Amino acid sequence: MSASDKKRLERVHELERGQRRQQWVRPVAFGLLVLAVIVGIGYFLSPLLSPKASGVMQTENGKVINVQAAMDGFDLTEIHVKAGETVTVNLRSLDNSMHTDGGGKHQFAIDELGVNLVAQPMSTNSATFTPTQPGEYTFYCDICCGGKANPTMNGKLIVEA
Ligand SMILES: [Cu+2]
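Structure below.
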């Protein structure tokens, strides 16, 4: 084999190696793209698919209030109940324990009514109380985001006569 033949042969091998590289790069890149799209769609759909649990329900045991808290505040900021009516608050924290600010916990506290409820990360905690005096009470979370002073981490419980 002459020197030029050897060189030509090397060149052919080089080309084959290059093609083999391309052969796996494309499917892998495509696979990653598909994965990214699926993850992206899942990320945007998950809040729509998970049941939106917040709201106020009238039950035979009084009023049940499902309220969710995250770093941007409570999803209910005004709650109406009647004086003398039993109120159960189910507070759900939507944040996980990776949050440095408050560790994913949120609070629902009403000083005047002796309510101090803390929900653990991604969990629900409940408190039952019966307000007897009509009036406007502030509920707040003093755990995250500057606490009580944060205007988004509070709301009003309005007790009607
Ligand atoms: Cu909070």
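Counting in our numbering, the sequence shown runs from 1 upward without gaps. Where a beta carbon is used, it is the ideal one built from N, C-alpha and C, also for glycine. Since the model is a prediction, treat every value here as computed from it, not as a measurement.
Roughly how far, in whole angstroms, is the beta-carbon of Y137 from the beta-carbon of K156, given that I think they are within contact range, below 8 angstroms?
-> For the purposes of this step, residue 137 is identified with residue 137 of the sequence shown, where counting begins at 1. For the purposes of this step, residue 156 is identified with residue 156 of the sequence shown, where counting begins at 1. With a Cβ gap of about 7 angstroms, Y137 and K156 count as contacting.
Three-state secondary structure assigned by DSSP to E112 | Here residue 112 refers to the residue found at position 112 of the sequence shown. In this structure, DSSP gives E112 a helical state, which the three-state scheme calls helix.
Please indicate yes or no: does the CB of H106 lie closer than 7 angstroms to some heavy atom of ligand 1?
-> Mapped onto the sequence shown, residue 106 falls at position 106. Under cutoff, so the answer is yes.
If you check the beta carbons only, do A70 and L94 fall under 8 angstroms apart?
-> Locating residue 70 in the sequence shown gives position 70, counting from the first residue. Locating residue 94 in the sequence shown gives position 94, counting from the first residue. Result yes, Cβ atoms of A70 and L94 sit closer than 8 angstroms.
Roughly how many angstroms lie between the CA atoms of P51 and F129, to the nearest whole one?
-> Start at 1 with the first residue of the sequence shown, and residue 51 comes out as number 51. Start at 1 with the first residue of the sequence shown, and residue 129 comes out as number 129. Low confidence applies to P51: its pLDDT is 47, below 50, so where it sits in the model is not reliable, and the reading given next is rough at best. Approximately 26 angstroms between the Cα atoms of the pair.
N90 lies in the beta strand (DSSP E); which residues open and close that run?
-> Position 90 of the sequence shown, counted from the start, is the residue given in the question as residue 90. Its beta strand (DSSP E) spans residues 87-93.
Cβ neighbour criterion (16 or more within 10 Å) applied to G106 = In the sequence shown, the residue the question calls residue 106 occupies position 106. Note on identity: in this sequence residue 106 is His, with Gly being the wrong assignment. Here H106 is buried. Its C-beta has 16 or more other C-beta atoms within 10 Å.
Taking the C-alpha atoms as reference points, what is the distance between M122 and M98?
-> The sequence position of residue 122 within the sequence shown is 122, counting from 1. The sequence position of residue 98 within the sequence shown is 98, counting from 1. A direct Cα-to-Cα measurement between M122 and M98 gives close to 11 angstroms.
Is the beta carbon of G104 sitting closer than 8 angstroms to the one on N96?
-> Locating residue 104 in the sequence shown gives position 104, counting from the first residue. Locating residue 96 in the sequence shown gives position 96, counting from the first residue. The Cβ atoms of G104 and N96 sit closer than 8 angstroms to each other.
For the segment 144-151 against the segment 52-67, are there 3 or more C-beta pairs whose distance is under 8 angstroms?
-> When Cβ pairs closer than 8 angstroms are counted between the two stretches, the segment 144-151 is seen not to touch the segment 52-67, the count staying below three.
May I ask whether a heavy atom of ligand 1 can be found less than 7 angstroms away from the beta carbon of G102?
-> Taking the first residue of the sequence shown as 1, we reach residue 102 at position 102. It does: the Cβ of G102 is within 7 angstroms (strictly closer) of some heavy atom of ligand 1.
Helix or strand or just coil, what does DSSP make of P51?
-> Taking the sequence shown and counting its residues from 1, the one referred to as residue 51 is at position 51. Residue confidence for P51 is low, a pLDDT of 47 falling below 50, so the modelled location carries little weight; the figure read from the coordinates is stated next. Of the three classes helix, strand and coil, the one that applies to P51 here is coil, per DSSP.
Using the C-alpha atoms, what's the distance from P27 back to H80?
-> For this step, residue 80 is matched to residue 80 along the sequence shown. For this step, residue 27 is matched to residue 27 along the sequence shown. When rounded, the distance between both Cα atoms is 58 angstroms.
Under 7 angstroms from any heavy atom of ligand 1, does the C-beta of M122 make it?
-> If you number the sequence shown from 1, residue 122 lands on position 122. In this structure, ligand 1 has no non-hydrogen atom nearer than 7 angstroms to the beta-carbon of M122.
Within its chain, find whatever has a CB closer than 6 angstroms to the CB of V34; leave out the 5 residues flanking it on each side and keep chain order.
-> In the sequence shown, the residue the question calls residue 34 occupies position 34. Apart from sequence neighbours up to five positions away, no residue of its chain approaches V34 with a beta-carbon distance below 6 angstroms.
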